[in-house]
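Enquirer: Sharing a structure here in structure tokens format.
4 protein chains.
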Amino acid sequence: MHSGSIFCHFKSKDALLYEVLQIGMRSALARQRMVLLEKRDAETTLRRLIRSHLESLLESNSGLLWEVPYDSRALNARQRHLIEELKCHYEAAWMPVLHELASTGCLRADLTLARHFIFGALNWSVDWFDAKEGASLDDLADAMVALVIHKTSR
Amino acid sequence: MHSGSIFCHFKSKDALLYEVLQIGMRSALARQRMVLLEKRDAETTLRRLIRSHLESLLESNSGLLWEVPYDSRALNARQRHLIEELKCHYEAAWMPVLHELASTGCLRADLTLARHFIFGALNWSVDWFDAKEGASLDDLADAMVALVIHKTSR
Amino acid sequence: MHSGSIFCHFKSKDALLYEVLQIGMRSALARQRMVLLEKRDAETTLRRLIRSHLESLLESNSGLLWEVPYDSRALNARQRHLIEELKCHYEAAWMPVLHELASTGCLRADLTLARHFIFGALNWSVDWFDAKEGASLDDLADAMVALVIHKTSR
Amino acid sequence: MHSGSIFCHFKSKDALLYEVLQIGMRSALARQRMVLLEKRDAETTLRRLIRSHLESLLESNSGLLWEVPYDSRALNARQRHLIEELKCHYEAAWMPVLHELASTGCLRADLTLARHFIFGALNWSVDWFDAKEGASLDDLADAMVALVIHKTSR
DNA sequence: TATGAATGAGAGTTCATTCAT
DNA sequence: AATGAATGAACTCTCATTCAT
């Protein structure tokens, strides 16, 4: 593709960014919806949400999804607002699951902070995860669950 | 300050970035060293390492410390290498603490992955933490410890 | 032409300088080669070399050819070396002609110094020659030959 | 000396350049005056003028004397005019000598062109002369005289 | 729709000059 | 006088965007 060609398809580079972000978010939301449709116990659901999020981050074409918007003033208020809304919606869907886990003592922290931490831990993986090295996405998901889910010995 | 003024003090903008990164990393390392000098039990030490890291990220002048280098080709190989070395050194210092916690069953995950997740969770906080809102750095540190430290019921 | 336009065609201003120097040198060399292909007596050849050099200096687009490189650190070692090589090659081609003239007593001076002086005399003309004034390039060439070629009275 | 210190002594960098040029020109003129005071035959005088010019170019502190003004628009009209006047004066002093040599058949070329060529040949020497190598200023002066002075065999 | 030369705003940098000390 | 940090105009270069083909 050549320098002037994008402008046949997008009004501007920022319009392209917006499109990519939106499509990426919507695809992550769709993937997450699949997980939530199947009713499973909370821990299994959390593991599957984590796995689904890692796929959205590390496998799909939109790995930078959660990082890009933060260091860019490229989007206008309207666009930024819509992207934020999609992200809010995405993150909100985790709350009932976290809530249930907290109520059974498996998750022990302020839930909003816990959600922030879990997302941060996962999002940061784009900086160190290397598909060609040892760990698989399943390994990551298992480790994440093991890290934050407390099994009361009984 | 005016356009040409930085160049009285730094050879280039990149030289400034390097200086900021280095000073920030060294100050974070110094803060961490203070924590590790006092011998406490592993959980307390972890809590204090977390608290110290949050201070380096969110209170000091160098909030972008862990983010900047990744999306920048500004540093040459030698500079990048030194920064990486400092970061490695910094992260390595957590391992004995995590190891001890794992050995007593308080931490349950592959240790390297656990370290990545914990750092990610903390580093990501620069994107959502707002000092003027409810939670303090202590709240964050407590929540992080509660999230990952497993108390076995005795 | 506007500020950024050169950079469509050249990587940098220095790359442009290098291109200009190289093309100018190669064109001067080509012009000189034409002269040397025709076998004439040494004096005629010298006159034609002089005339050809004056054309390269004063008529073509590359009048600064022999001046620019000296007061400029714009070229890197490799580029400077190639330009020097072309210049060496160019100047070396005069030596057999000067040598023959010396052997018949028409040229009386250390040959290397003579070559330096002749080139200097010609190169310096870019500082004073004015095409709109009296003298033509032929006048210059004739005067230069008359100045340095000694006719022994027979 | 430090960046701001020149401005204690000169109004501007250009004022310094002007001062240097003027002092250099006046010193070259003084040196030349010494030569012309002693009455000798024309050839000897020419040789001594040449030698004196080479000293002004290559030995004194003002080697760039004849080159600098040409690639600089640093001087204002008034200053440029005075420097040109000094240079004119300097060059004009050679004409009687050249004229006498021409009248005896020792110099064979249009005199104005001859003067331009001789000055060019000498001025260009700053680009190739190396005091540490073989030739001395005397060698240069001898070679220059030998090159342009025609000895009629008789 | 695709191309790529041209544009021009803006970033990074240099350097002569100023000025408080 | 000397200093050197600060200034700001000018230069080199980058990059998103435009436009004639």
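Protein chains in written order, with the working numbering: chain A, -14 to 139; chain B, -14 to 139; chain C, -14 to 139; chain D, -14 to 139. Where is the CB? At the ideal position from N, CA and C, for every residue including glycine.
For the segment 62 to 71 of chain B against the segment -2 to 15 of chain B, are there 3 or more C-beta pairs whose distance is under 8 angstroms?
Expert: The segment 62 to 71 of chain B, when compared against the segment -2 to 15 of chain B, does touch it at the 8 angstroms Cβ threshold.
Enquirer: In whole angstroms, give me the CA-to-CA distance for Arg100(B) and Trp79(B).
Expert: Position 115 of the second sequence holds residue 100(B). Position 94 of the second sequence holds residue 79(B). Near 8 angstroms, if we compare the C-alpha coordinates of Trp79(B) and Arg100(B).
Enquirer: My output table needs one value for Phe143(D): the three-state DSSP class, helix, strand or coil.
Expert: Examination of residue 143(D) is not possible in this model, given that chain D is present from -14 through 139 alone.
Enquirer: Please list the partners that Arg33(B) has in chain A, where partner means a Cβ-to-Cβ separation under 7 angstroms.
Expert: As a position in the second sequence, residue 33(B) is number 48, starting the count at 1. In chain order: nothing, as chain A lies at least about 18 angstroms away.
Enquirer: Distance cutoff 8 angstroms, beta carbons only. Does Met129(C) sit that close to anything in chain D?
Expert: Taking the third sequence and counting its residues from 1, the one referred to as residue 129(C) is at position 144. Judged by the 8 angstroms Cβ criterion, Met129(C) is in contact with chain D.
Enquirer: Tell me the DSSP secondary structure of His74(A) in three-state form.
Expert: In the first sequence, the residue the question calls residue 74(A) occupies position 89. Note: His74(A) maps to helix in three-state DSSP.
Enquirer: Please confirm if the segment 89 to 98 of chain D is in contact with the segment 129 to 137 of chain D, defined as three or more CB-CB distances below 8 angstroms between the two stretches.
Expert: Enough Cβ pairs lie closer than 8 angstroms, so yes.
Enquirer: Give the DSSP-derived three-state secondary structure of Glu44(B) in the structure shown.
Expert: Sequence index remark: in the second sequence, residue 44(B) carries index 59 (1-based). In the structure shown, Glu44(B) sits in a helix (DSSP, three-state: H, G or I).
Enquirer: Run through DSSP, which three-state label would Arg100(C) get?
Expert: Taking the third sequence and counting its residues from 1, one reaches residue 100(C) at position 115. The answer is helix: DSSP assigns Arg100(C) an H, G or I state.
Enquirer: I want to verify the contact list: residues of chain A whose CB lies under 8 angstroms from the CB of His84(B), in sequence order.
Expert: Numbered from its first residue, the second sequence carries residue 84(B) at position 99. Simply none; closest approach about 15 angstroms.
Enquirer: Give me, in chain order, the residues of the same chain whose beta-carbon lies closer than 7 angstroms to that of Ile103(C); leave out the 5 immediate sequence neighbours on both sides.
Expert: In the third sequence, the residue the question calls residue 103(C) occupies position 118. Result list for Ile103(C): Val133, in chain order.
Enquirer: Under a Cβ-count criterion, where at least 16 other Cβ atoms within 10 Å of its own Cβ denotes burial, should Asn61(C) be classed as buried or exposed?
Expert: As a first step, residue 61(C) is located in the third sequence; it is residue number 76 there, counting from the start. By the neighbour-count rule (16 or more Cβ atoms within 10 Å), Asn61(C) is not buried but exposed.
Enquirer: Does at least one heavy atom of the ligand SAM sit under 7 angstroms from the Cβ of Arg32(B)?
Expert: Ligands are entirely absent from the displayed structure, and the ligand SAM is therefore not among its contents.
Enquirer: Does the distance from the CB of Leu1(A) to the CB of Leu125(B) come in under 8 angstroms?
Expert: Translated into the one-based positions of the first sequence, residue 1(A) becomes position 16. Translated into the one-based positions of the second sequence, residue 125(B) becomes position 140. Not in contact: Leu1(A) and Leu125(B) (Cβ atoms no closer than 8 angstroms).
Enquirer: Is the CB of Thr79(D) under 8 angstroms away from at least one CB in chain C?
Expert: What you label residue 79(D) is simply residue 94 of the fourth sequence in a count that begins at 1. This sequence places Trp at residue 79(D); Thr is not what is there. Not closer than 8 angstroms to any Cβ of chain C, the Cβ of Trp79(D) fails to qualify, so no.
Enquirer: Tell whether a beta-carbon distance below 8 angstroms holds between Leu107(A) and Leu22(A).
Expert: As a first step, residue 107(A) must be located in the first sequence, where it is residue number 122. As a first step, residue 22(A) must be located in the first sequence, where it is residue number 37. Going by C-beta atoms, Leu107(A) is not nearer than 8 angstroms to Leu22(A).
Enquirer: What are the start and end residues of the alpha helix (DSSP H) that includes Arg36(B)?
Expert: What you label residue 36(B) is simply residue 51 of the second sequence in a count that begins at 1. Residues Ala27 to Leu39.
Enquirer: Please classify Gly(-11)(B): is it buried, with 16 or more other beta-carbons within 10 angstroms of its beta-carbon, or exposed?
Expert: Counted from its first residue, the second sequence places residue -11(B) at position 4. Exposed is the call here.
Enquirer: By the 7 angstroms beta-carbon criterion, what residues does the segment 109 to 126 of chain A contribute toward chain B?
Expert: Flagged, chain order: Trp109, Ser110, Asp112, Trp113, Ala120 and Leu125.
Enquirer: Checking 8 angstroms against the spacing of the C-beta atoms, do Leu96(B) and Leu31(B) come in under that value?
Expert: One-based indexing of the second sequence puts residue 96(B) at position 111. One-based indexing of the second sequence puts residue 31(B) at position 46. Cβ distance not < 8 angstroms, so Leu96(B) and Leu31(B) don't count as in contact.
Enquirer: Nearest to Glu28(D) by CA position, among Ala120(D), Trp109(D), Val111(D) and Pro81(D), is which residue?
Expert: Locating residue 28(D) in the fourth sequence gives position 43, where the first residue counts as 1. Cα-wise, what sits closest to Glu28(D) is Pro81(D).
Enquirer: Would you verify that the beta carbon of Leu0(A) is, or is not, closer than 8 angstroms to some beta carbon of chain B?
Expert: Against the first sequence, residue 0(A) aligns to sequence position 15. In the sequence as presented, Leu is not what sits at residue 0(A); that position holds Ala. Taking Cβ atoms only, chain B never reaches closer than 8 angstroms to Ala0(A), which makes this a no.
Enquirer: I'd like to know whether the C-beta of Val5(C) is nearer than 8 angstroms to at least one C-beta of chain D.
Expert: One-based indexing of the third sequence puts residue 5(C) at position 20. Chain D contact via Cβ: absent.
Enquirer: How about Leu122(B) and His74(B): do their beta carbons lie closer than 8 angstroms?
Expert: By one-based count along the second sequence, residue 122(B) stands at place 137. By one-based count along the second sequence, residue 74(B) stands at place 89. Not in contact: Leu122(B) and His74(B) (Cβ atoms no closer than 8 angstroms).
Enquirer: Going by the beta-carbon positions, is the gap between Arg16(C) and Ser(-3)(C) smaller than 8 angstroms?
Expert: On the third sequence, position 31 is the one that residue 16(C) refers to. On the third sequence, position 12 is the one that residue -3(C) refers to. No, the pair does not count as a contact, with Cβ atoms beyond the cut-off.
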